[in-house]
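**Student:**
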Amino acid sequence: MRPGKRDVIVSEVGPRDGLQSIKRTMPTATKIEWIKALAEAGLSEIEVGSFVSPKLLPQMADCGELVAATRDLQDLTVLALVPNLRGAQAAFDVGTPKITMPVSASQAHSKANINRTVEEAVEDVARVNELRNSLSGDYRPGVEIGISTAFGCTMEGNVSEDWVIELAVKLAAAGADSVGLSDTTGYGNPAQVKRLFTRLRSELGEKAGGAHFHNTRGQGLANVVAALEVGVTTFDSSQAGLGGCPYAPGATGNIVTEDLVFMLESMGLKTGVDIDKLVSARPIILSGLPGENLYGHVQDAGLPKGFQYA
Ligand code: ZN
6 MRPGKRDVIV SEVGPRDGLQ SIKRTMPTAT KIEWIKALAE AGLSEIEVGS
56 FVSPKLLPQM ADCGELVAAT RDLQDLTVLA LVPNLRGAQA AFDVGTPKIT
106 MPVSASQAHS KANINRTVEE AVEDVARVNE LRNSLSGDYR PGVEIGISTA
156 FGCTMEGNVS EDWVIELAVK LAAAGADSVG LSDTTGYGNP AQVKRLFTRL
206 RSELGEKAGG AHFHNTRGQG LANVVAALEV GVTTFDSSQA GLGGCPYAPG
256 ATGNIVTEDL VFMLESMGLK TGVDIDKLVS ARPIILSGLP GENLYGHVQD
306 AGLPKGFQYA
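Dropping the structure here:
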């Protein structure tokens, strides 16, 4: 890892968001090798999988094994996605350091994605928080929420900004440590990003979470800059831009970690990530998923002459 304090946390979601949208399953050993290489490159948060029914997403069936194999890596916070209370119990059973729960701002997306109404999903967050509070000993996992379809929904179209903020306040009150906003569908634009994160941060204060952008319409990095300008310091991304959402038709990958790190470092913001090491982890993906499409620019163009880290 490159030493020094980070200005921005780049939270890698490729092993979860990326792999869950690909039908083939990456072998567990390859996932572990990939996660270790990402941590070695300096990424300090990695979402390694999802505690979801293996009938629904067989690609994620090894999440418990992945947590066990990676949670003690140095300088790394391991996260896993949980859709509901049962998933949270499974995550806590194997000592997952931090969980992230998606709560959709759109009723139609919520039903399709987790088979719950939005109100039921908020109740689930309160139950998960109770479960966490009942854990004994020193183990107190983090619980973060990402509001999905916060910038628009492929089924419902426009999503009211007032409603997104109202929902964020409810989720914080239900006991979440932080509530972030996800552009699941790639509908977001920089002006909207600024408005919503400005309001989120003024309503939630320290509980205002990070940004999760997809690059579906090419707005991903522009949206990152907009969010940075209003004080957001945590961004999800996936190596090689793997990803999408099986219930958001046409939603292509997350923003590309390599390009995000390059942009942030070029802007003078420390990420702690070594771009060369990151790029050298890309072939691991292909070793587990031969022929898969990988995205991004930095790995092809290389670093500019005279490039210096922040
Ligand atoms: Zn996503």
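Quick note: the sequence shown uses this note's numbering, first residue 6, plus one each step. Where is the CB? At the ideal position from N, CA and C, for every residue including glycine.
#1: How is Met106 classed by DSSP in three states: helix, strand or coil?
#2: DSSP on Leu61, reduced to helix/strand/coil?
#3: Use the C-beta contact count for Ser187: other C-beta atoms within 10 angstroms, 16 or more gives buried, fewer gives exposed.
#4: Would you say the beta carbon of Asp67 is closer than 6 Å to some non-hydrogen atom of ligand 1?
#5: Between Glu52 and Val18, which are expected to be in contact by the criterion C-beta below 8 Å, what is the C-beta distance as a whole number of angstroms?
#6: Within the continuous alpha helix (DSSP H) that includes His225, where are the two ends?
#7: Can you tell me where the alpha helix (DSSP H) with Val133 in it begins and where it stops?
#8: If contacts are defined as beta-carbon pairs under 8 Å, then Thr221 and Thr262 qualify, I think. What distance do you get, rounded to the angstrom?
#9: Please confirm whether Asp182 has its beta-carbon closer than 7 Å to some beta-carbon of chain D.
#10: Quick check: is any heavy atom of ligand 1 less than 6 Å from the C-beta of Asp22?
#11: Closer than 7 Å by C-beta to Val133: which residues in its own chain qualify, once you throw out the five before and the five after it? Chain order, please.
#12: Are the CB atoms of Phe56 and Ala117 within a distance shorter than 7 Å?
#13: For Ala113, which of Gly248, Ala126, Leu265, Ile104 has the nearest alpha-carbon?
#14: Quick check: Pro102 and Pro63, are their CB atoms within less than 7 Å of each other?
#15: Taking 7 Å as the limit between beta carbons, can you name the residues of its chain near Thr35, skipping five residues before and five after?
#16: Take Thr276 and list the residues in its own chain whose beta-carbon comes closer than 7 Å to its own, dropping the five residues that flank it on each side.
#17: Apply the 10 Å Cβ neighbour rule to Leu140 and answer buried if 16 or more other Cβ atoms are within range, or exposed otherwise.
#18: Quick check on the DSSP output: the alpha helix (DSSP H) that includes Leu209 runs from which residue to which?
#19: I need the DSSP call for Ile51, collapsed to helix, strand or coil.
#20: For Val184, does the three-state DSSP call read helix, strand or coil?
#21: Note down, in chain order, each residue of its chain lying with its Cβ closer than 6 Å to the Cβ of Gly185, except the 5 sequence neighbours on either side.
#22: What number of angstroms, rounded off, separates the C-alpha of Pro20 from the C-alpha of Val235?
#23: Grouping DSSP H, G and I as helix and E and B as strand, with all else coil, what is Phe97?
#24: Which term fits Ser207, buried or exposed, when burial requires 16 or more other beta carbons within 10 angstroms of its beta carbon?
#25: Quick one: what's got a C-beta closer than 6 Å to Pro195's C-beta in the same chain, skipping five residues either side?
#26: Is the beta carbon of Gly248 sitting closer than 7 Å to the one on Gly23?
#27: With distance defined between alpha-carbon atoms, name the residue in Thr75, Gly69, Cys68, Asp67 nearest to Ile40.
#28: Helix or strand or just coil, what does DSSP make of Ser111?
#29: Under 8 Å by Cβ, that's how I've got Ala181 and Val130 pegged, so tell me the actual separation to the nearest angstrom.
#30: Where does Leu71 sit, in a helix, a strand or coil, going by DSSP?
**Tutor:** On the basis of the data shown:
#1: Translated into positions along the sequence shown, residue 106 becomes position 101. Secondary structure at Met106: strand, using DSSP grouped into helix, strand and coil.
#2: Walking along the sequence shown from the start, residue 61 turns up at place 56. Of the three classes helix, strand and coil, the one that applies to Leu61 here is coil, per DSSP.
#3: Within the sequence shown, numbered from 1, the residue matching residue 187 stands at position 182. Ser187 should be labelled buried.
#4: On the sequence shown, residue 67 is found 62 positions in, with the first residue counted as 1. Answer for Asp67: no, Cβ out of range of ligand 1.
#5: Here the question's residue 52 lines up with position 47 in the sequence shown. Here the question's residue 18 lines up with position 13 in the sequence shown. Right, their Cβ atoms sit about 4 Å apart.
#6: Counting from one through the sequence shown, the residue named residue 225 turns up at place 220. Contrary to the premise, residue 225 reads as Gly rather than His in this sequence. Start and end: 225-234.
#7: The count along the sequence shown starts at 1 and reaches residue 133 at position 128. That run of the alpha helix (DSSP H) goes 123-138.
#8: Reading the sequence shown from its first residue, position 216 is the one you call residue 221. Reading the sequence shown from its first residue, position 257 is the one you call residue 262. Beta-carbon to beta-carbon, Thr221 and Thr262 are separated by about 17 Å, too far to satisfy the 8 Å threshold.
#9: The displayed structure is made up of one protein chain only, and chain D is not part of it.
#10: Position 17 of the sequence shown, counted from the start, is the residue given in the question as residue 22. It does: the Cβ of Asp22 is within 6 Å (strictly closer) of some heavy atom of ligand 1.
#11: In the sequence shown, the residue the question calls residue 133 occupies position 128. Only Leu90, Ala93, Met106, Val148 meet the Cβ criterion.
#12: Within the sequence shown, the letter at position 112 stands for residue 117. Within the sequence shown, the letter at position 51 stands for residue 56. Not a contact, by the Cβ cut-off of 7 Å.
#13: By one-based count along the sequence shown, residue 113 stands at place 108. Nearest option by C-alpha distance: Ala126.
#14: Numbered from 1 along the sequence shown, position 97 holds the residue referred to as residue 102. Numbered from 1 along the sequence shown, position 58 holds the residue referred to as residue 63. No.
#15: Counting from 1 along the sequence shown, the entry for residue 35 is found at position 30. Excluding sequence neighbours, Thr35 sits near Ile289, Ser292, Gly293.
#16: Numbered from 1 along the sequence shown, position 271 holds the residue referred to as residue 276. The beta carbon of Thr276 sits closer than 7 Å to those of Arg11, Val13, Val15, Val266, Leu269, Glu270, all from its chain and outside the five residues before and after it, given in chain order.
#17: For this step, residue 140 is matched to residue 135 along the sequence shown. Leu140 should be labelled exposed.
#18: Locating residue 209 in the sequence shown gives position 204, where the first residue counts as 1. Unbroken alpha helix (DSSP H) run through Leu209: 195-209.
#19: Taking the first residue of the sequence shown as 1, we reach residue 51 at position 46. DSSP places Ile51 in strand when its eight states are reduced to three.
#20: Taking the sequence shown and counting its residues from 1, one reaches residue 184 at position 179. Residue state, collapsed to three classes: strand.
#21: Residue mapping note: residue 185 aligns to position 180 of the sequence shown, counting from 1. Result list for Gly185: Gly151, Gly214, Gly215, in chain order.
#22: Residue numbering aside, residue 20 sits at position 15 when the sequence shown is read from its first letter. Residue numbering aside, residue 235 sits at position 230 when the sequence shown is read from its first letter. Taking the straight line joining both Cα atoms gives about 29 Å.
#23: Position 92 of the sequence shown, counted from the first residue, corresponds to residue 97. DSSP places Phe97 in helix when its eight states are reduced to three.
#24: For the purposes of this step, residue 207 is identified with residue 202 of the sequence shown, where counting begins at 1. It is exposed - the Cβ of Ser207 has fewer than 16 other Cβ atoms within 10 Å.
#25: Looking up residue 195 in the sequence shown gives position 190. Once the five neighbours on either side are set aside, the close Cβ partners of Pro195 are Ala227, Asn228, Ala231.
#26: As a working note, residue 248 is residue 243 in the sequence shown. As a working note, residue 23 is residue 18 in the sequence shown. With contacts defined by Cβ atoms closer than 7 Å, Gly248 and Gly23 form a contacting pair.
#27: On the sequence shown, residue 40 is found 35 positions in, with the first residue counted as 1. The residue with the shortest Cα to Cα distance from Ile40 is Thr75.
#28: Looking up residue 111 in the sequence shown gives position 106. In the structure shown, Ser111 sits in coil (DSSP, three-state: anything other than H, G, I, E or B).
#29: Here residue 181 corresponds to residue number 176 of the sequence shown, with the count starting at 1. Here residue 130 corresponds to residue number 125 of the sequence shown, with the count starting at 1. Right, their Cβ atoms sit about 6 Å apart.
#30: Mapped onto the sequence shown, residue 71 falls at position 66. The answer is helix: DSSP assigns Leu71 an H, G or I state.
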